[in-house]
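Comments concern the structure below.
Residue numbers (this note's numbering): 945 to 1064.
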């Protein structure tokens, strides 16, 4: 069973993100995983593909630094699109991007754009 650990690094969609915020988010994730006794591989989405001011080599180094000497093995995921095939998958995607607390009710247009970025 996959358990998501969302890391929120900005309050509004139009704000840029800073390396310090990303670093603090990664440290909080590490602390939460260690507190729960997690060991194994985790997937971290490559945010450098979405934010021009976050450079991939620096982001990779941050991940490596934060998770060194832990039992957590981070794996950086590149941007991939998923093709939902069932009505249940489509409904789950719509719910996650519109109704969840993390979505923040972004409106129809912004919700559509976010879904279009990640799914066929």
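Every residue, glycine too, gets a C-beta built ideally from N, C-alpha and C. Predicted model only: the values in this text are computed from it and were never measured.
Open item on the list: Which residue marks the beginning of the beta strand (DSSP E) containing residue 986, and which one marks its end?
Closed with: 984-989
Task: Spatial neighbours of residue 960 in its chain, beta-carbon cut-off 8 Å, leaving aside the 5 residues before and after - done: When the five nearest sequence neighbours on each side are left out, the beta carbons in the same chain lying within less than 8 Å of the beta carbon of residue 960 are those of 954, 995 and 997, in order along the chain.
Task: the region 1010-1025 in contact with the region 1051-1059 per 3-pair CB rule at 8 Å - done: no
TODO: Return the first residue and the last residue of the beta strand (DSSP E) that residue 1018 is part of.
DONE: 1016-1021
Open item on the list: For the alpha helix (DSSP H) containing residue 1004, name the first residue and the last one.
Closed with: 1000-1011 is the extent of the alpha helix (DSSP H) around residue 1004.
Open item on the list: Buried or exposed, going by whether 16 or more other CB atoms sit within 10 Å of the CB of residue 1001?
Closed with: Answer is exposed; the Cβ neighbour count stays below 16.
Task: Alpha-carbon spacing of residue 963 relative to residue 969, whole angstroms - done: 10 Å
Open item on the list: Does residue 1007 pass the burial test, meaning 16 or more other C-beta atoms within 10 Å, or should it be called exposed?
Closed with: buried
Task: Own chain, CB closer than 8 Å to residue 974, minus 5 neighbours either side, in chain order - done: 1010, 1011, 1014 and 1016
Open item on the list: Which of the three DSSP states is assigned to residue 945 in this structure?
Closed with: Residue confidence for residue 945 is low, a pLDDT of 47 falling below 50, so the modelled location carries little weight; the figure read from the coordinates is stated next. Three-state result, residue 945: coil.
- [ ] Identify whether residue 1042 lies in helix, strand or coil by the three-state DSSP scheme.
- [x] helix
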